[in-house]
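Protein chains in written order, with the working numbering: chain A, 2 to 283; chain B, 2 to 283; chain C, 2 to 283; chain D, 2 to 283; chain E, 2 to 283; chain F, 2 to 283. For every residue, glycine included, the Cβ atom is placed at its ideal position computed from N, Cα and C. Predicted model, so just to flag it, every value in this text is computed and none were measured. Structure record follows, encoded as structure tokens.
There are 6 protein chains.
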Amino acid sequence: MPLPQNAIAKIVRVALEEDLGRGDITTDACVDADARGRAQLVARQELTFCGAPVVREIFRQIDFGVRVSLRCQEGERLKKGDVALTISGPAAAILKGERVALNFVQRLSGIATLTRAYVDRLPEGCSTRIADTRKTTPGMRILERYAVRCGGGRNHREDLSAAILIKDNHIAVCGGVRQAVLRANASAPHTSRITCEVDNLEQIREALEAGAEVILLDNFDEKQLWQGVNAVAGRALVEVSGGVTLDMVASIARVGVDVISVGALTHSAPAADLGLDWVTER
Amino acid sequence: MPLPQNAIAKIVRVALEEDLGRGDITTDACVDADARGRAQLVARQELTFCGAPVVREIFRQIDFGVRVSLRCQEGERLKKGDVALTISGPAAAILKGERVALNFVQRLSGIATLTRAYVDRLPEGCSTRIADTRKTTPGMRILERYAVRCGGGRNHREDLSAAILIKDNHIAVCGGVRQAVLRANASAPHTSRITCEVDNLEQIREALEAGAEVILLDNFDEKQLWQGVNAVAGRALVEVSGGVTLDMVASIARVGVDVISVGALTHSAPAADLGLDWVTER
Amino acid sequence: MPLPQNAIAKIVRVALEEDLGRGDITTDACVDADARGRAQLVARQELTFCGAPVVREIFRQIDFGVRVSLRCQEGERLKKGDVALTISGPAAAILKGERVALNFVQRLSGIATLTRAYVDRLPEGCSTRIADTRKTTPGMRILERYAVRCGGGRNHREDLSAAILIKDNHIAVCGGVRQAVLRANASAPHTSRITCEVDNLEQIREALEAGAEVILLDNFDEKQLWQGVNAVAGRALVEVSGGVTLDMVASIARVGVDVISVGALTHSAPAADLGLDWVTER
Amino acid sequence: MPLPQNAIAKIVRVALEEDLGRGDITTDACVDADARGRAQLVARQELTFCGAPVVREIFRQIDFGVRVSLRCQEGERLKKGDVALTISGPAAAILKGERVALNFVQRLSGIATLTRAYVDRLPEGCSTRIADTRKTTPGMRILERYAVRCGGGRNHREDLSAAILIKDNHIAVCGGVRQAVLRANASAPHTSRITCEVDNLEQIREALEAGAEVILLDNFDEKQLWQGVNAVAGRALVEVSGGVTLDMVASIARVGVDVISVGALTHSAPAADLGLDWVTER
Amino acid sequence: MPLPQNAIAKIVRVALEEDLGRGDITTDACVDADARGRAQLVARQELTFCGAPVVREIFRQIDFGVRVSLRCQEGERLKKGDVALTISGPAAAILKGERVALNFVQRLSGIATLTRAYVDRLPEGCSTRIADTRKTTPGMRILERYAVRCGGGRNHREDLSAAILIKDNHIAVCGGVRQAVLRANASAPHTSRITCEVDNLEQIREALEAGAEVILLDNFDEKQLWQGVNAVAGRALVEVSGGVTLDMVASIARVGVDVISVGALTHSAPAADLGLDWVTER
Amino acid sequence: MPLPQNAIAKIVRVALEEDLGRGDITTDACVDADARGRAQLVARQELTFCGAPVVREIFRQIDFGVRVSLRCQEGERLKKGDVALTISGPAAAILKGERVALNFVQRLSGIATLTRAYVDRLPEGCSTRIADTRKTTPGMRILERYAVRCGGGRNHREDLSAAILIKDNHIAVCGGVRQAVLRANASAPHTSRITCEVDNLEQIREALEAGAEVILLDNFDEKQLWQGVNAVAGRALVEVSGGVTLDMVASIARVGVDVISVGALTHSAPAADLGLDWVTER
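Shown next, in the form of structure tokens:
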């Protein structure tokens, strides 16, 4: 499973602590301890589904007696009304975990769905990748990056330790693109490429000469993009970032950039609408 | 301060662990240890600001030498270009915390801004409240509820232990509205009101007779709303929930409901755009 | 189960870490790794039993091979000599968890037993409830509140976020009962009732007028109680608190108060006497 | 300070999380953010005080601006009305931490007070020590052992790893006193004495021959105690345990035992009565 | 099992979080989710094996479907090429846990192997014990002490709370050996012996008179050792510490000391060489 | 500071919990609470020093009143007798933290010292880097990698998520070098280079053709190394790994490899000898 079981367990512990850590006084009042039930997680809109391993872990932590059965694949497109999975077992346990499960699944499916929309805008046959950023929800990064992959996107660096990315503020403090890239080269792990954000063509040349391997064009307009890609001329990967909307994807990709990174995938994806429908046991 | 220092400290620990827990190889490479700097957190759009106490704690955990100076109040409306706060001290520390700080502030200000938009749609002089729900981001609930308050909204129950809220699935398992409310009354803390979700007028009468004190009208259309409010007739508070958009707020409020609860405030607010601009020290 | 599995797991982790986290050098020295055993948890006094789910989790964390079999219900009254549950499996595991299990069960049963004694003093047919307070042992609140329920008591608000309770010190700082209740009304969740502690009849009137829904009479003598209940006259719930002993319960209840809250249930209940008797396997 | 700062910090984090982790809606509603105040922690009965370092840490975690000033020593006897310490600073912070602070101080002072009562019953000049046991509240052991010391008592072994103590159940599983003590000797750290619990004089001889250095007489009556102490005859320390009440202390001590260990010190001490009185700032 | 399951689980959580907490991008890329495999943990040198329970827990946390089968005992001597255990199940899970498992097993087996070498140098029939110290790797103490036992060594005190050990710096601050030992006697638990480190014969006499029960001879040369042991003359245990190499063990033991404590067992044991060899499933 | 303050704080919390979490009964017994002292951390051998930020955090967590003053730089070479730093403040606090501080500093300086020895063997002017591996002590990775940098070494990938490294076992499961590298390319973040371990020249060609950017020659002898480097011919970086001893460094470097990664730097570095000498305050 592409999500480490131990990482899921940790995030789920936090989420359950938050909502259920002190009990569920409604369910305890209204539901008999031995009542059993079954519920279906249903898509209430067209969406790209993501989050089943989290649902499984949620109910495992609440009650070992709950059983989660998958009805679709992670990353699968569902139509309105499709069932993503079913949950059966003690009714009280299902009711206690319902909201936490939905909170995860709606967010993750929201991200997968938005990512899928971006990826679908790429011209056929083009090798440009849609990537996420570090603009993730605090505490949820590993899951949100997973949701991006489920939507067909690619991941950027995991965190501040995984790769060098020199941004405008680093350049400002360091005293220039050249100096920043040289210093980065002197200490970067050999397993990581060095990315340098640039504002203009002059900085591109400087960055390439100093050894940058990814040139990040920040907030370039379309004409500048053409110039930038030409200036790099295949000597480095080209990444584009900064307010890229769905409508801009195709034209940017056609310029020949390698990576379009989109913060909105994780910081502004609206929740996908899914609900838990009760199925009367008999 | 309306946010407990200990709760902020805990969430910030998780967020820093996630992004900075293994170091920041770019800043360590490019920035001299004794370099100092100053940066401004600037609104890049009109927004309702929220999150300064979190920013303060982030930099306290990274380096005791960083100083955060507020330039506005929590919940204040900022115009594009307004400075929310300034951060000064060791340049490396500021760079290391930049992204985590922005991730918090953009999300919280996004929620405050959306909440403010909902509240602004309430007719003048009306006593209806805009409330949040438990549809929050796992691990972020205390902050997201705070952001709702900063935007002029009101909080709903904190978690499953704070108050009784009987939902459709409880009723399904319990065998009816009457039985559910009676059982709830038999075990609820006397400090909490009992809320019962209803689908139709018959359930309203049943819930009121059994002692419900808040009637939650779920997905009622406008005509049904009028009937529902009339059926309750002041014997309980009336809450409305389910896909309420900005455009629906005024008309729903005019019906005389007490509470409009809006999941979108926390599950689908787009990030507000803020950035950190470097100010060269001299 | 009315105790969330995840919450029990967390408290048990702390307790085991404290006693067994560094090993049990006696058992490791004296007991063969493959020895098996069975032990009975026996009441050594008349008591109301509470704590089986905690015992189960303790041994689950120590060794998956231990089996806990219940012989009574939670909240059941046991006579001296009655067996509450049996534990069987690897002898070393049982010995390692014995003390931690007893520490939990003796405390929880002590609380349940004292609560039951209070509840038994209520006049028949009276609707007054015996409630706990926030005067719980740090780290044990969720379990202690559960023990109160097992003893027939009712829970008060869970924590400082669950409901508004205006105490003398709030009034002192805020500048008066009226102002405090009005401010509380302006920000309380609609799911919570507002409680106001009062010292005299004048404050009762002030609190009611400002909208208090529960009047907490603190340390009123019997005559004052009558006056207080009459002053409230059904317009709010009446709660009595402050040094209520077993002998005072019946007369206070007869005055017609709704809630008697008793800090001693959790802060001063003596441990109930239970022991673990070894049953030789053959 | 005899309590490790890091250990206090950890326990206090748990306790604040439990009560204040989600905010204090009463104080936030009723108290201005810039109001300041001062409060006194006052003894409402005669007691042996314990807990100031915990109070200090509680308010440090809530708000760096709170100042705690000690008015007495740890372990000092206070009369009703004596002030133990004062707390001054932001009024909201003091109100938010009041209950948690009292919960700790009342419990710890309760233990110190009960311990002091036991110690005071020892005949003058006698070298018998009153010791605690592992019958502590889960999660609170380090503090409760400290309270015992503050009351003039002595600590027993910290946990299952700190020393060998062979109990009846170990003997049952191991097959006899002799074998258990010999096995213990073969693996105990040389820094620990080996204690063996015995039921009769025959077991005393067996234990001594096998090398036990502390003989624990469990539930011996007074005549048996004399026989036991004579049988040991100074070849080992003698510890007495099992339901020792205040009235039994003097006569047991006069028999010449070295240690009287009393579980009730920690499992059944009633809370000492202390309160926080507000002092109007002017 | 001589290692508490809960303690192992905690350390393993930390280790997996560190290496695998954010996923394994190599395995996720290269290995099919349904591929299965089997691998053998093989000794690549002669060694004393230690660590199987940790390996078991590692894979339990990664994937419940992995099965670990032991092929040798803890503490058993393996020759180069011997198989210690086999791991079978989902191939991806085995690959993800390989490095963490090796990191634990190589370190623990390294300690066990070095300890075994020390113990093997003891003259036959001699009762001197080889003991560890508190010079362990931060966070790994419970495992490293276990490895020492697997290698035939004995444990010293667990931590600063488990027994009194007066060192040179305590004596310096306290003002002398006599005063330090007397003060220690006045507060030590009766279950612990008091150890006093000494530099010369005068201090030995002083320590014994004040009641020390273990005399720790620090950095004594061979002649001084003889004098020291004679000075103690059986009135206390004698411990020797300070740079004891393998070659010195036999002669020190012959002097008649009770304990040789060796910091190098845990702070400088080289990793034992073990590897994980893949066995193609068919 | 190149070590994140929050990461140090976390590791130190674990280490103090382990040794001091339950108190220090020796220091509490022997040292007056108001005694003050000063101590020097002294090198007892020639070494490369590392660990001052950890020492500072240790004492900050024990007692805010302790002051740590640096006398040398991180990574500086010290001669026997040189003072690395001084610690002054409450004597009890210094004594309580002494062992934990030494455990960290001796290990980290041991790693720095060994790394420095490897780096010093590189021929002058050569660009080969000495790198660490993931063979670190569980829980200590961030500190151990820092120590490697202090010794002049370079870091390899941080963890399993930071970069792709295809090892023999991946190839075995995946079905060949070509397929593994192609699959890796299809999912790797664009910020990471893809490393492929190879056993022979054929695999080198296969890996290069499939797009590997770092070729890891595992356990190649000197002749094979020459062939390997020639086969790569500058089309990728060349890394050498597997039992590289100090004596082999120079000749391997002269072959022209880019990276020599040495597991022994972290898994087998002996502790460097440092001690804490007390300086009498007067």
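Residue burial classification, residue i (beta-carbon count within 10 angstroms, cutoff 16)
i, result
"arginine 158 of chain F", "buried"
"phenylalanine 65 of chain A", "exposed"
"serine 160 of chain A", "Residue identity differs from the one stated: residue 160 of chain A is aspartate in this sequence, not serine. It counts as buried."
"lysine 314 of chain C", "The shown model of chain C, from 2 to 283, leaves out residue 314 of chain C, and the question about it has no answer."
"aspartate 285 of chain D", "No information on residue 285 of chain D is available, as it lies outside the stretch 2 to 283 that chain D covers here."
"lysine 97 of chain E", "buried"
"glutamate 284 of chain F", "This structure cannot settle anything about residue 284 of chain F, because the visible part of chain F is limited to 2 through 283."
"asparagine 156 of chain B", "buried"
Whether residue i touches residue j by CB criterion (8 Å)
i, j, result
"valine 182 of chain F", "leucine 226 of chain F", "no"
"phenylalanine 105 of chain D", "valine 67 of chain D", "no"
"isoleucine 12 of chain D", "leucine 144 of chain D", "yes"
"glycine 90 of chain F", "proline 3 of chain D", "no"
"alanine 53 of chain F", "glutamate 75 of chain F", "yes"
"threonine 27 of chain F", "histidine 268 of chain E", "no"
"valine 174 of chain D", "alanine 92 of chain C", "yes"
"valine 258 of chain F", "valine 239 of chain F", "yes"
"glycine 229 of chain A", "leucine 202 of chain A", "yes"
Three-way DSSP call (helix, strand, coil) for residue i in this model
i, result
"valine 260 of chain B", "strand"
"arginine 130 of chain D", "strand"
"serine 343 of chain F", "The question about residue 343 of chain F has no answer here: the residues shown for chain F are numbered 2 through 283."
"serine 70 of chain B", "strand"
"leucine 21 of chain C", "helix"
"alanine 213 of chain E", "coil"
Reference residue i; option with closest CA among the options
i, options, result
"valine 280 of chain E", "E:Arg236, E:Gly153, E:Leu86, E:Leu202", "E:Leu86"
"histidine 191 of chain A", "F:Arg206, F:Ala187, F:Ser188, F:Ala163", "F:Ala163"
"glutamate 200 of chain C", "C:Ile261, C:Arg236, C:Ala94, C:Ile167", "In the sequence on display, residue 200 of chain C carries aspartate and not glutamate. Answer by Cα proximity: C:Ile167."
"aspartate 133 of chain F", "F:Asp278, F:Cys31, F:Val260", "F:Val260"
"isoleucine 63 of chain B", "F:Asn156, F:Glu207, F:Thr49, F:Pro5", "F:Pro5"
Cut-off 7 Å between Cβ atoms - residues of its own chain near residue i, not counting five sequence neighbours on either side
i, result
"glycine 153 of chain F", "Thr116, Arg117, Val120"
"glutamine 204 of chain C", "Val178"
"isoleucine 9 of chain C", "Pro54, Val55, Glu58"
"arginine 283 of chain C", "Annotation note: pLDDT 47 at arginine 283 of chain C (below 50); position unreliable, no value reported."
Close beta carbons around residue i, own chain, < 6 Å, minus the five adjacent residues each side
i, result
"alanine 251 of chain D", "Arg122, Pro124"
"aspartate 83 of chain C", "Ala44"
"leucine 218 of chain F", "Gly229, Val241"
Nonlocal neighbours in the same chain, by C-beta distance under 8 Å from residue i, ignoring five residues either side
i, result
"valine 69 of chain A", "Ala53, Val56, Arg57, Phe60, Leu86, Thr87, Ile88"
"cysteine 51 of chain F", "Glu75, Gly76, Val106, Leu109, Ser110, Ile112, Ala113, Tyr147, Ala148, Cys151, Gly152"
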